[in-house]
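These notes concern the structure reproduced below.
There are 2 protein chains.
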Amino acid sequence: MPEPFLLGVLGGMGPLATLDFQHQLLEATDAGSDQQHLPSVVWNVPQVADRQKALAGNGPSPLPQLLTGIKKLNQAGASHIVIPCNTAHHWYPELSHASDAPVLHIVDTVVDKLIQASEKPQRVGIIATQGTLDAGWFQQRLNAQGIETIIADKSELETWFVPGCYAVKRGHLIEGGQLLSLQAQALLTRGAQQLVLACTEVPVALRAVNAPFLSLTHDPARLLAERCSRLWQDYRLTYLA
Amino acid sequence: MPEPFLLGVLGGMGPLATLDFQHQLLEATDAGSDQQHLPSVVWNVPQVADRQKALAGNGPSPLPQLLTGIKKLNQAGASHIVIPCNTAHHWYPELSHASDAPVLHIVDTVVDKLIQASEKPQRVGIIATQGTLDAGWFQQRLNAQGIETIIADKSELETWFVPGCYAVKRGHLIEGGQLLSLQAQALLTRGAQQLVLACTEVPVALRAVNAPFLSLTHDPARLLAERCSRLWQDYRLTYLA
Numbered sequence: 001m002p003e004p005f006l007l008g009v010l011g012g013m014g015p016l017a018t019l020d021f022q023h024q025l026l027e028a029t030d031a032g033s034d035q036q037h038l039p040s041v042v043w044n045v046p047q048v049a050d051r052q053k054a055l056a057g058n059g060p061s062p063l064p065q066l067l068t069g070i071k072k073l074n075q076a077g078a079s080h081i082v083i084p085c086n087t088a089h090h091w092y093p094e095l096s097h098a099s100d101a102p103v104l105h106i107v108d109t110v111v112d113k114l115i116q117a118s119e120k121p122q123r124v125g126i127i128a129t130q131g132t133l134d135a136g137w138f139q140q141r142l143n144a145q146g147i148e149t150i151i152a153d154k155s156e157l158e159t160w161f162v163p164g165c166y167a168v169k170r171g172h173l174i175e176g177g178q179l180l181s182l183q184a185q186a187l188l189t190r191g192a193q194q195l196v197l198a199c200t201e202v203p204v205a206l207r208a209v210n211a212p213f214l215s216l217t218h219d220p221a222r223l224l225a226e227r228c229s230r231l232w233q234d235y236r237l238t239y240l241a
Numbered sequence: 242m243p244e245p246f247l248l249g250v251l252g253g254m255g256p257l258a259t260l261d262f263q264h265q266l267l268e269a270t271d272a273g274s275d276q277q278h279l280p281s282v283v284w285n286v287p288q289v290a291d292r293q294k295a296l297a298g299n300g301p302s303p304l305p306q307l308l309t310g311i312k313k314l315n316q317a318g319a320s321h322i323v324i325p326c327n328t329a330h331h332w333y334p335e336l337s338h339a340s341d342a343p344v345l346h347i348v349d350t351v352v353d354k355l356i357q358a359s360e361k362p363q364r365v366g367i368i369a370t371q372g373t374l375d376a377g378w379f380q381q382r383l384n385a386q387g388i389e390t391i392i393a394d395k396s397e398l399e400t401w402f403v404p405g406c407y408a409v410k411r412g413h414l415i416e417g418g419q420l421l422s423l424q425a426q427a428l429l430t431r432g433a434q435q436l437v438l439a440c441t442e443v444p445v446a447l448r449a450v451n452a453p454f455l456s457l458t459h460d461p462a463r464l465l466a467e468r469c470s471r472l473w474q475d476y477r478l479t480y481l482a
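Protein chains in written order, with the working numbering: chain A, 1 to 241; chain B, 242 to 482.
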């Protein structure tokens, strides 16, 4: 029997997105009682240096605080760790290296979903922070599968994406949803057939305004939650049945 | 400067109620950025022996698993600990004794709210598990303040309360809300002027069906979240301003 299953969640980026991820874990798990739900320990400490500012060179690195979270989750006995924040995956190599428990990469789940679909899209729009877009993980991984990527330009990010995300962080979901809908529509107009909502604030806000194109979107955090839930249910059926 | 503020949440009872409590923490906190939100570490491990069955003498004690959670939260550096589950407070003395960090008692926040109201109620209904009602914390503390308590009888609990709570645990909020509304109406009919919803499944379910008497209810978990948020905001303004 392997070590007990315990999902470590490195959260706090932001705290609302961390809750959204926990809801997705619950929704993804077929459970008839409390005891059948996935066990987790959640480090929801939002006093992490701003990731967008750090990547833009305008603020301190969040890495020391993220490493503290990884250490705490390992000490608590996490068997797997996830980070429900796309931008924080910029520091994935260092965090993964420092962790005894495997850290699942959020991008892997999205790539798997897109290439396994019955009709693989040709052009996919990516809504993400400047830092995530500059790092290029999504573009590289999708291009390698023959999928063209369409991303927001700097002016769109400044007008719609950045103020939309900060509105969500302030709890203004409708205002954020309206701004982020404009960003999404721009990518669809430029030919994107589907959209990856690669920033945890975006799906929360688009659901709040019930955006008409929601069925064309992929939420990496939701896909990650579904993957965690499958791991837990496999473990449960194998070792706890 | 005291040790860093970090709220430890002993959750998992059940996992949905743990999320509800985290939402209440967010809602209770006036924050203009991620970094101003309350830092927490959440032990959301629902593989805890059933509290209602244990108190009824029909199952193992959850105490060893609860003590594990208390130990993990202390190791993670919790400065305060809360347990967003009324019934688990049956084991409060042992858990509080085993914890270096102070464990805030959920009943204290309710008593404070009722006796500080401009018009103190004379008769308050308590919706809770048989175990919580048998233990009598709420009745004793409220009676001591001159407030009469009205509680469900065994037959009402079996017909409405217990199946209502288990429906919520299965994710069936509407079904649970309808059953728990019948329980609440019975106490109001018998003369309760206000209701304490002393089981974390109850307020979630009554909000889901938008029960017409919601304004007469007190949610101990919400009051506990508000108290935690005040502690955090006092700390933030004093030490982090």
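Backbone N, C-alpha and C define an ideal beta-carbon position, used for all residues, glycine too.
These numbers come from a predicted model, not from an experiment.
Inset, instruction - Kindly provide the ranges of any beta strand (DSSP E) runs that are 3 or more residues long and lie completely inside the segment 47-133 of chain A, ordered along the chain. - result: 80-82 and 123-127
Inset, instruction - Find out if the Cβ-Cβ distance for the pair B/Cys440, B/Cys469 is shorter than 8 Å. - result: Taking C-beta atoms as the reference points, B/Cys440 and B/Cys469 fail to come closer than 8 Å.
Inset, instruction - Could you spell out where the beta strand (DSSP E) holding B/Thr390 opens and where it closes? - result: Glu389 to Ile392
Inset, instruction - Can you grab the Cα-Cα spacing for the pair A/Val103 / A/Ala167, in whole Å? - result: 30 Å
Inset, instruction - Run the CB neighbour count on B/Gln265, radius 10 Å, all protein chains shown included, and call it buried at 16 or more, exposed below. - result: buried
Inset, instruction - Leaving out five residues on either side along the sequence, give the residues of the same chain with a beta carbon under 6 Å from the beta carbon of B/Gly417. - result: Gly405, Ala408, Val409 and Ala446
Inset, instruction - Kindly say whether A/Asp34, judged by its beta-carbon, lies nearer than 8 Å to any beta-carbon of chain B. - result: yes
Legend entry - Residue-chain proximity (B/Ser281, chain A), Cβ-Cβ < 8 Å: B/Ser281 counts as touching chain A.
Inset, instruction - Identify the continuous alpha helix (DSSP H) that holds A/Ser215 and give its terminal residues. - result: First-last for A/Ser215: undefined, no H or E at that position.
Legend entry - Neighbour flag for B/Gln288 against chain A, beta carbons, 8 Å: yes
Legend entry - Span separating the alpha-carbon of A/Phe5 from that of A/Leu26: 16 Å
Inset, instruction - May I ask you to list, following chain order, the residues of the segment 441-459 of chain B that have a beta carbon less than 9 Å from some beta carbon of chain A? - result: none
Legend entry - B/Gly418 (DSSP reduced to helix, strand or coil): helix
Legend entry - the segment 280-297 of chain B touching the segment 348-365 of chain B, judged by at least three CB pairs closer than 8 Å: no
Legend entry - chain A within 8 Å of B/Lys294, Cβ atoms only: no
Legend entry - Where B/Gly249 sits in the DSSP three-state scheme: strand
Inset, instruction - Would you give the residue range spanned by the beta strand (DSSP E) that A/Trp43 belongs to? - result: Ser40 to Asn44
Inset, instruction - Tell me, please, whether the CB atom of B/His264 is closer than 8 Å to any CB atom in chain A? - result: yes
Inset, instruction - Compute the distance between the beta-carbons of A/Leu7 and A/Ser61, then report whether it is under 8 Å. - result: no
Inset, instruction - Give the C-beta separation of A/Leu187 and A/Ile150 to the nearest angstrom, bearing in mind that I take them to be a contact with Cβ-Cβ under 8 Å. - result: 5 Å
Inset, instruction - For B/Gly255, decide whether its Cβ has a neighbour in chain A, counting only Cβ atoms nearer than 8 Å. - result: yes
Legend entry - Bounding residues of the alpha helix (DSSP H) (the contiguous stretch that carries A/Gln22): Pro15 to Ala28
Legend entry - Sufficient close CB pairs (3 or more, under 8 Å) joining the segment 386-401 of chain B to the segment 470-479 of chain B: Not touching, per the Cβ criterion.
Inset, instruction - Have a look at A/Leu179, A/Asn58, A/Gly57 and A/Asp100 and flag the residue whose alpha-carbon is nearest the alpha-carbon of A/Ile70. - result: A/Asp100
Legend entry - Selection from B/Glu467, B/Arg477, B/Thr479 and B/Leu383 that minimises the alpha carbon distance to B/Asp261: The option with the nearest alpha carbon to B/Asp261 is B/Glu467.
Inset, instruction - Check the Cβ of A/Leu26 against every Cβ in chain B and list those closer than 8 Å, keeping chain order. - result: Pro256, Leu257, Leu260 and Gly412
Inset, instruction - Return the first residue and the last residue of the alpha helix (DSSP H) that B/Leu383 is part of. - result: Trp378 to Asn384
Inset, instruction - For B/Asn285, return the contacting residues in chain A, with the cut-off set at a CB-CB distance below 8 Å. - result: At a beta-carbon threshold of 8 Å, the residues of chain A lying near B/Asn285 are Gln22, Pro39, Ser40, Val41 and Val42, ordered along the chain.
Inset, instruction - Could you name the residues of the segment 294-326 of chain B whose beta carbon sits closer than 7 Å to any beta carbon of chain A, in the order they occur along the chain? - result: Lys313, Gln316 and Ala317
Inset, instruction - List the endpoints of the continuous alpha helix (DSSP H) containing A/Leu206. - result: Glu201 to Ala208
Inset, instruction - Report buried or exposed for B/Gly255, applying the criterion of at least 16 other Cβ atoms within 10 angstroms of its Cβ. - result: buried
Inset, instruction - Measure the CB-CB distance between A/Val124 and A/Gln194 and report whether it falls below 8 Å. - result: Their beta carbons are under 8 Å apart, which means A/Val124 touches A/Gln194 by this criterion.
Legend entry - C-alpha gap between B/Ala393 and A/Arg141, whole angstroms: 59 Å
Legend entry - C-alpha distance - B/Val491 paired with A/Ala88, whole-angstrom precision: What the structure shows of chain B is the stretch from 242 to 482, and residue 491 of chain B is not part of that stretch, so it cannot be assessed.
Legend entry - Between the CA atoms of A/Gly131 and B/Leu336 - distance to the nearest angstrom: Their backbone Cα atoms lie some 45 Å apart in a straight line.
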